[in-house]
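Asks: Chains as they are written, first to last, in this note's numbering: chain A, 914 to 1136; chain B, 914 to 1136. Idealized CB from N, CA, C, for every residue including glycine.
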DNA sequence: TCAGTATGCGAGCGATAGCTCACAAATGAT
DNA sequence: ATCATTTGTGAGCTATCGCTCGCATACTGA
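#1: Would you mind reading off the limits of the alpha helix (DSSP H) that contains residue 1027 of chain A?
#2: Pull up the distance between the alpha-carbon of residue 990 of chain B and that of residue 1117 of chain A, whole angstroms please.
#3: With DSSP collapsed to three states, give me the class of residue 965 of chain A.
#4: Would you decide whether residue 1013 of chain B is buried or exposed? Buried here means 16 or more other CB atoms lie within 10 Å of its CB.
#5: In three-state terms, what does DSSP make of residue 1070 of chain B?
#6: Would you check if there are 3 or more beta carbon pairs closer than 8 Å linking the region 1051-1063 of chain B to the region 1060-1068 of chain A?
#7: Does DSSP put residue 992 of chain A in a helix, in a strand, or in coil?
#8: Closest to residue 1054 of chain A by CA distance: which of A/1015, A/962, A/965 and A/979 is it?
#9: Could you confirm whether any beta carbon from chain A is found closer than 8 Å to the beta carbon of residue 1060 of chain B?
#10: Give me the Cβ distance between residue 1088 of chain B and residue 1032 of chain B, rounded to the nearest whole Å; I'm assuming they're in contact under 8 Å.
#11: With distances taken from CA atoms, which of B/999, B/1008, B/935 and B/962 is nearest residue 1113 of chain B?
#12: Between residue 997 of chain B and residue 1094 of chain B, what straight-line distance do the alpha-carbon atoms span, to the nearest angstrom?
#13: How long is the line joining the alpha carbons of residue 1105 of chain A and residue 1075 of chain B, rounded to whole angstroms?
#14: Closer than 6 Å by C-beta to residue 1036 of chain B: which residues in its own chain qualify, once you throw out the five before and the five after it? Chain order, please.
#15: If you follow the alpha helix (DSSP H) that residue 1019 of chain B is in, where does it begin and where does it stop?
#16: Does residue 1082 of chain B pass the burial test, meaning 16 or more other C-beta atoms within 10 Å, or should it be called exposed?
#17: With DSSP as the reference, label residue 936 of chain A as helix, strand or coil.
#18: Cβ closer than 8 Å: which chain A residues qualify as neighbours of residue 1079 of chain B?
#19: Considering just the uninterrupted stretch of the alpha helix (DSSP H) at residue 1113 of chain B, what are its terminal residues?
#20: Of all the CB atoms in chain A, is at least one closer than 8 Å to the CB of residue 1075 of chain B?
#21: Against chain A, with Cβ distances strictly below 8 Å, would residue 944 of chain B count as a contact?
#22: Determine the direct distance from the alpha carbon of residue 1097 of chain A to that of residue 938 of chain B, and round the result to whole angstroms.
#23: Quick check on the burial criterion: 16 or more other C-beta atoms within 10 angstroms. Buried or exposed for residue 992 of chain B?
#24: Using three-state DSSP, classify residue 1127 of chain B as helix, strand or coil.
#25: Along chain B, which residues have their Cβ under 7 Å away from the Cβ of residue 1090 of chain A?
#26: Could you say which of B/1063, B/1022, B/1077 and B/1047 lies nearest to residue 1099 of chain B if we only look at CA atoms?
#27: Go through its chain and collect everything with a Cβ distance to residue 999 of chain B's Cβ below 6 Å, but skip five positions before and after it.
#28: So, under 8 Å CB-CB, residue 1045 of chain A and residue 1111 of chain A are touching, yes? Tell me the CB distance rounded to an integer number of Å.
#29: Taking the alpha carbon of residue 1043 of chain B as the reference point, which residue from B/967, B/982 and B/946 has its own alpha carbon closest?
#30: At the level of alpha carbons, what is the spacing between residue 1085 of chain B and residue 955 of chain A?
#31: Please report how far the alpha carbon of residue 1135 of chain A lies from the alpha carbon of residue 974 of chain B, in whole angstroms.
#32: Anyone know if the C-beta pair for residue 960 of chain A and residue 970 of chain A falls short of 8 Å?
#33: Give every residue of the same chain whose Cβ lies closer than 6 Å to the Cβ of residue 963 of chain B, excluding the five residues on either side of it in the sequence, and list them in chain order.
#34: Among A/976, A/1090, A/1107 and A/935, which has the Cα closest to the Cα of residue 1030 of chain A?
#35: Flag residue 958 of chain A as yes when its Cβ comes closer than 7 Å to any non-hydrogen atom of the ligand GTP, and as no otherwise.
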């Protein structure tokens, strides 16, 4: 079922029409992956769906793993782009506002292609690309850690490393769970709720944080 | 990669020595699953590792999926046992203490067999057994929802469904991330930190919640 | 002792997976 | 028009998978 792993694509350069081929392959991979999951997504099926031959597929992606890794790469870049576009603006504002914007940003980033995101996270085995994801998380955590440092005096939390871990974990997990499992939960009430969790944790519950009442909803996260 | 799915084991009853066989198979499945992941864990390999023939394996488990499903079932039961054993005692105490105990309980439950837990969560495709997990989460959320209701007057959160979702999500995710990715983080400081997150969120930051200072640690969650 | 049943075995079947390679078509430079 | 290079093709190889089935062996009660 699983083969040897090559490391280099048979052809590196992409010129002219070949870009279209590569794009078709990646699009088809997304479709099949979302529809069938990693296991049942065979390279033959993907090539067929892309309207190219398997030969072509293997000219650009040396293995099934590499193919999926490329998808992961691309998807992470898109999420990253959403975040990097705004991140600079946030740092100056009061904590409450900064956190709120950051949460909103996270929700947006996760909403880029939720279905693909879901398969990628849930089904893709430990291919090398997983390191990419963990590296990304590490970067975000470091960034948060830095921010906390700069606001140290306004915070009641003492261990900033632990706090960064906790904050990133909370936002990631809740966003993730909501986007993937209960998309109807998303929206401003959700953003405010998560914001209030984080702000109260960091500041010990500043009085200005009293949340607007939110409408009734059912709650059941995934994992 | 994937075959038809049968529904009934070829033999139902387990008597005497056959229990040992079943046990060996499940133990081997755990080992191989942890070592190789779901894809590369072939039934032949598992039978070999268990020291039994594939024939025997298929006498007790009608398919690979059923085999893994049985593992999931068993693992969930063990986690459940840990929780059920203590859950009754918690409800009476003040919020702070109840939450703290619950968090500790969650950590313990996740520590039953972390490596197996990791594969099961990360790698096992949507086999029927996944419903089991989601059902479990739903139960827990309902329980929390109920508890929140009973403490309604002491809380500042208004939407209890949303709050239950948030609380369960937070505890699950942080415990999960810590157990799987940064086990060295676990311990009393971690429990206190998570507790304080939850309590401040629910109560708006009661003054008694000021945490003991925790020692320096690095923080980087997984997903 | 010996039939009858529960348990265990493993060669091998059909299916399908990932992937290769010899070749053909398209493209671009001259 | 010619040729070199890039790009595309798909029949088919090998490996391995999940799983079956006819048979051997161990155990049980009479």
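Replies: Let me lay it out:
#1: 1027-1035
#2: 37 Å
#3: coil
#4: buried
#5: coil
#6: no
#7: helix
#8: A/1015
#9: no
#10: Rounded, the Cβ-Cβ distance is 17 Å, inconsistent with contact.
#11: B/1008
#12: 26 Å
#13: 11 Å
#14: 950 and 951
#15: 1008-1023
#16: buried
#17: helix
#18: 1087, 1106, 1107, 1110 and 1132
#19: 1101-1116
#20: yes
#21: no
#22: 42 Å
#23: buried
#24: Low local confidence applies: a pLDDT of 38 at residue 1127 of chain B is under 50, so the model's placement there is unreliable, with the coordinate-based value given in what follows. If DSSP states are grouped into helix, strand and coil, residue 1127 of chain B belongs with coil.
#25: 1082
#26: B/1022
#27: 1018
#28: That belief does not hold up - the Cβ atoms of residue 1045 of chain A and residue 1111 of chain A are roughly 26 Å apart, past 8 Å.
#29: B/982
#30: 34 Å
#31: Note that residue 1135 of chain A has pLDDT 30, beneath the 50 cutoff, so the model's placement of it is unreliable and no number is given.
#32: yes
#33: 937, 938 and 941
#34: A/1090
#35: Although the ligand GTP was asked about, the structure shown includes no ligands whatsoever.
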